[in-house]
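Numbering (the working numbering), first residue to last: 357 to 510.
The structure is reproduced here in structure tokens:
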């Protein structure tokens, strides 16, 4: 095999591999990744979009509003947008289950914008009676406070 043939062979293999890949335009690629930079996506990672307003409540001098992105189901996860007004919290955490979080996993919400957070919670495989979405806010000063919302289930 000549020196040129050995140089071209790897390039041909790469080209053949790329030819087998589906064609995607920049617009299609941007649309498929829409919102992941700021995490404002529809439907909670491939799930049907719900965007249900779960309400607004006050605790520790803060106003907390929650929008549910998708229905929660046993063993799955749930996506929520949480807005906190009236102060800048140190952290926002959430879980789905009982007030004591027994059998649940507390998850820290990701900060999106001023006062806005995005939260994905794991839903227990066996959902306890009276389970709710719990939001725990740690204000800049003072004690942590928690509130609950009735999340919509499948």
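From the three backbone atoms N, C-alpha and C, an ideal C-beta is built for every residue, glycine too.
Secondary structure at residue 481: coil, using DSSP grouped into helix, strand and coil.
If you draw a straight line from the Cα of residue 489 to the Cα of residue 498, it comes to about 23 Å. Under the criterion of beta carbons closer than 8 Å, residue 418 and residue 442 qualify as touching, at roughly 5 Å. Excluding sequence positions up to five before and after residue 475, its CB lies within less than 6 Å of the CB of 436, 438, 450, 465, all in the same chain and listed in chain order. Within 10 angstroms of the beta-carbon of residue 453 lie 16 or more other beta-carbons, which makes it buried. Within the same chain, 451 come within 6 Å of residue 457 by CB-CB distance, once the 5 residues on both sides are set aside.
Scanning the segment 440-474 from its first residue to its last, no whole alpha helix (DSSP H) run of 4-plus residues comes out.
Note on residue 470: under 16 other CB atoms within 10 angstroms of its CB, so exposed under the neighbour-count rule.
The DSSP-derived three-state label of residue 434 is strand. Membership of residue 492 in the beta strand (DSSP E) is indicated by the continuous run 488-494. Within its own chain, the residues whose Cβ lies closer than 7 Å to the Cβ of residue 479, once the five positions on either side in sequence are excluded, are 428, 429, 430, 431, 432, 433, 434, 452, listed in chain order.
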